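Numbering (my numbering), first residue to last: 654 to 1040.
Glycine included, each C-beta is placed from N, C-alpha and C at the ideal position.
Nothing here was measured: the structure is a model prediction, and the numbers come from that model.
Here is the structure we will look at.
Take a look at the structure:
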């Protein structure tokens, strides 16, 4: 199953491009599902159809689904949330605040990624397209599987052993917080099974790609560069940049002269910044992108004769290379300066922090017993040296 994720700054036309891609892959004869995690619920607007939380057939070979994140949250997080609310209430928080704090930001959207596992297992679709929320929410969403998996694998077994030991001793003591029951631990295990393997699925270079949708505007490109950096840091591969709403050459009205100059400068910046990642261009069309016809037209603009479901560019995001003194770990961090990176090492893990995002990277077995001797930048890669 081929998985394509689309994200970008709000308002750049991300949903339209994702929907157009789905129309194109379906027209090519591939059974396609497009899912949306965007709370704006604009996927139905793009198709001019009513789309609900279950797959709805839009046209031949194409189904669409607007995920209800709150419904999925209730289905998968209810027992955990109930215990968290009890614990926070014991600490003195009002009920409403306790309910708000009992949900990890982004965990509601995370259940949508669990659906990808289900679709891959069932094999009903050849292509699944995910119309993600704007970039900040998408980055949080894509970092959660690894973060929560790390926490559950490291902390959960210890907590469960402790609870089994102390619960019989403390069940009659009133001045202690509520203890997690076996039902809560079972809910955590079910949650773990839902998210386990998602990260591996979405970082497999053969099966999954992310496409950034941008406009030729300075602020949009700056956000896209940061997004590209963070995606690489977490192991995700961007195989194309979709430059949307480029003024067509036939627009000669003097009113647009300044805009044409701004766009030309930003197009040149994008080519320099993202090369060799391909930049697909789409002109600003003379119609609203609503319905199958306009979406098909947009797809032709973006992809021309290219198969949208193909991997459009392959690149390494992390590699281990033998050196004369030991081994070097290379982590791709484009658009990053040395003073923006924080590194630390603890046992078999390397902690990498860039901006507001931090990754707990479990080192390969070949590096766990080695000592870090230094770090430097080589082109777009952070090189960490081990002996």
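Coil, strand or helix - residue i by DSSP
i	result
residue 867	strand
residue 815	In this predicted model, residue 815 has a pLDDT of only 46, less than 50, meaning its place in the structure is not dependable; the value taken from the coordinates is given anyway. Correct three-state label for residue 815: helix.
residue 894	strand
residue 714	coil
residue 658	strand
residue 668	helix
residue 959	coil
residue 905	coil
residue 784	strand
residue 687	strand
residue 674	helix
residue 887	coil
residue 708	coil
residue 681	coil
residue 1015	strand
Identity of the residue in the options nearest residue i by Cα
i	options	result
residue 858	787, 923 and 964	964
residue 781	703, 802, 854 and 791	854
residue 977	1038, 684 and 956	1038
residue 768	876, 787, 690 and 862	690
residue 1026	1034, 996, 1014 and 1013	996
residue 869	787, 922 and 1035	922
residue 991	764, 1033 and 948	1033
residue 999	1014, 915, 989 and 886	1014
residue 668	684, 693 and 655	693
residue 680	1031, 1002 and 952	952
residue 775	908, 654 and 747	654
residue 873	787, 1029, 707 and 906	787
residue 988	665, 659 and 878	878
Identity of the residues DSSP links to residue i by a beta bridge
i	result
residue 1024	Note: residue 1024 sits in no beta bridge, so no partner.
residue 1029	1036
residue 861	656
residue 719	689
Do the segment 897 to 904 and the segment 936 to 949 make contact, defined as three or more Cβ pairs closer than 8 Å? yes
What runs of the beta strand (DSSP E), each 3 residues or longer, lie entirely inside the segment 925 to 1013? 932 to 936, 971 to 975, 980 to 985, 994 to 999 and 1002 to 1007
Report yes or no: do three or more beta-carbon pairs, one from the segment 693 to 704 and one from the segment 789 to 798, lie closer than 8 Å? no
Does the segment 711 to 718 come close enough to the segment 666 to 680 that 3 or more CB-CB pairs lie under 8 Å? yes
With contact counted as at least three CB pairs below 8 Å, one residue from each stretch, are the segment 1011 to 1025 and the segment 968 to 988 in contact? yes
Given 8 Å, three or more beta-carbon pairs between the segment 964 to 975 and the segment 989 to 1008: no
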